[in-house]
Amino acid sequence: MFVHIERGSSIPISRQIAEQLRSQCLSGTLVAGEKLPSVRELAQQLAVNVNTVFRIYERLAAEGLIELRHGDGTYVSPRRTESRSELSAQRDKFSLEFDALIQRGVMLGFTDAELRALLTSALATARKSQQ
Amino acid sequence: MSDIAVSVQNLRKAFGSQVVLDDVSFEVPCGQTFALLGRNGVGKTTMIRALLGLLPCDSGVLRVAGCDPATDPIELRRRVGYLAEDQSMYDWMTATELCRFLEPFYPKWNSRLADQYLDRFEIPRQTRIERLSKGQTVKLGLAVALAHAPEVAILDDPALGLDPVSRKEFNRDLVEHLQAEGRTVIYSSHLLDEVEAVADVVAILDRGRIIRQGPTESLRAEIQRMVLPHEIVRRTSAPAGLLDARRHGENWEVIVDGAPRFLEELAASGHAAKATDMTLDDIFEACVIGRPQAWASA
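Line by line, the protein sequences are chains S and D. All residue numbers for the first sequence refer to the numbering used here, where the first residue is 1 and numbers rise by one. All residue numbers for the second sequence refer to the numbering used here, where the first residue is 132 and numbers rise by one.
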């Protein structure tokens, strides 16, 4: 399971982790029934506070995305019919954020070519780290 | 046995005429990871030395793992694992010799545990400490601090001088061997971005006092930046938590501690403003060197 944390970002770390796990569950990257690392394992892996990870898992469980099976571990929940519209809502949100980001880039004086180059490079890095 | 691991009340320490700690108070419940933040030279090390009984204080009440550092420093050191920024290790000893040397000081020393940590951290046993890398020295320090199973661990800027990879490893070790084991951790740092991921609570020490304390998430939720038109600033009185105010032409960029409530008040009086998140670095900067004065003269 791959989670990338950007330290020093204005986005709180817990939100970064929660959003990535949420997206992965909704998009099927994390398969239904797949076992997630334990709270302790994930905290150690990411070098993140144990309580923070615990709260994230609780939140995702409350959203119905994962299930905490007592004594057994944490698993990705089976996909519900609502999750398709949730995924689409997440994607819409992403598009808005993308628009805002590009606007900011334009205001900062980036040329179209520069912005495209940034996109290409970011995409390459993201795909590479998925493997 | 109360569930407060460390308690500091009205601590004051001056060196001659220079007051370094002035009425410092905080509490750390058992099992919490508490990060003391502040600029270099602000008094973090002084604070930590006071907690360990290495430094007498002018006034105040301290309790660490149930002990008073002024009257009970030996017992305190038995219950607390200490990792100093600049630990004068016995450079000529090997790791094995160091463990053998330390064992008699600690009734709860567990040599099997010490061995496990040394293996885990891959510390060469027979190499003199002066030949170890900085990263290995810190790990050795952590291993011996953990080997007597302390309830409380006090770390003074433990990642200082470590490269980013070693720092990440250290954070992992902190999470796995201290936090996940339910130990109380107090550590000082000047690297906020590192601290955010690991700490439960941060406290900012500045000019002798704790100026802001709380879980990192609530700090981020409360301290936010917003842009307001000059007209609004002119006719609104400055919020109590104003940390910084700068004018740029017809707009002001302000940072407010208590942003959500202030936004509600503005909305109630007819102005809808939006706040943006800040990095922890920026939050720290606003708390410590923010300038709110300009608002008053708007």
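Beta carbons: idealized from backbone N, C-alpha and C, even for Gly.
- Taking all protein chains in view, the Cβ of Gln257(D) is surrounded by fewer than 16 other Cβ atoms within 10 Å, so the residue is classified as exposed.
- Asp287(D) sits close to Thr176(D), with the two beta carbons spaced by under 9 Å.
- For the pair Ala124(S) and Gly421(D), the Cα-to-Cα distance works out to about 40 Å.
- Close to chain S, meaning a Cβ-Cβ distance shorter than 7 Å, are the following residues of the region 297 to 322 of chain D: Lys299, Asn302, Arg303, Val306, Glu307, Gln310 and Ala311.
- Within the same chain, Cβ atoms closer than 7 Å to the Cβ of Gly64(S) are found at Ser77 and Arg80, the five residues on either side in sequence being excluded.
- Looking at the DSSP output, Asn382(D) bridges to Pro360(D) and His379(D).
- One Cα belongs to Asp246(D), the other to Gly266(D), and the distance between them is close to 18 Å.
- Distance check between Leu291(D) and each of Ala311(D), Val326(D) and Asp250(D) places Val326(D) closest, using alpha-carbon atoms only.
- Within the same chain, Val39 come within 7 Å of Phe54(S) by CB-CB distance, once the 5 residues on both sides are set aside.
- Taking a 10 Å sphere around the C-beta of Asp375(D), we find 16 or more other C-beta atoms and assign the residue as buried.
- With a threshold of 16 other beta carbon atoms within 10 Å, Asn171(D) falls short and is exposed.
- For Gly212(D), the beta-bridge partners assigned by DSSP are Ala284(D).
- Burial state of Lys144(D) is buried, judged by a 10 Å Cβ sphere holding 16 or more other Cβ atoms.
- Bridge partners of Lys35(S) according to DSSP: Tyr75(S).
- Between Leu411(D) and Asp324(D), the CB-CB gap stays under 9 Å.
- Nearest to Asp331(D) by alpha-carbon distance, out of Ser14(S), Ser9(S) and Val3(S), is Ser14(S).
- Arg7(S) reaches chain D at Asp324, Glu325, Glu327 and Ala328, counting residues in chain order whose Cβ is nearer than 8 Å.
- Following the DSSP letters along the chain, one finds Asn302(D) inside the alpha helix (DSSP H) bounded by residues Pro295 to Asp304.
- Taking a cut-off of 8 Å on C-beta distances, the region 188 to 203 of chain D touches the region 144 to 159 of chain D, as three or more cross pairs fall below it.
- Using a CB distance cut-off of 9 Å, Arg351(D) counts as an interface residue toward chain S.
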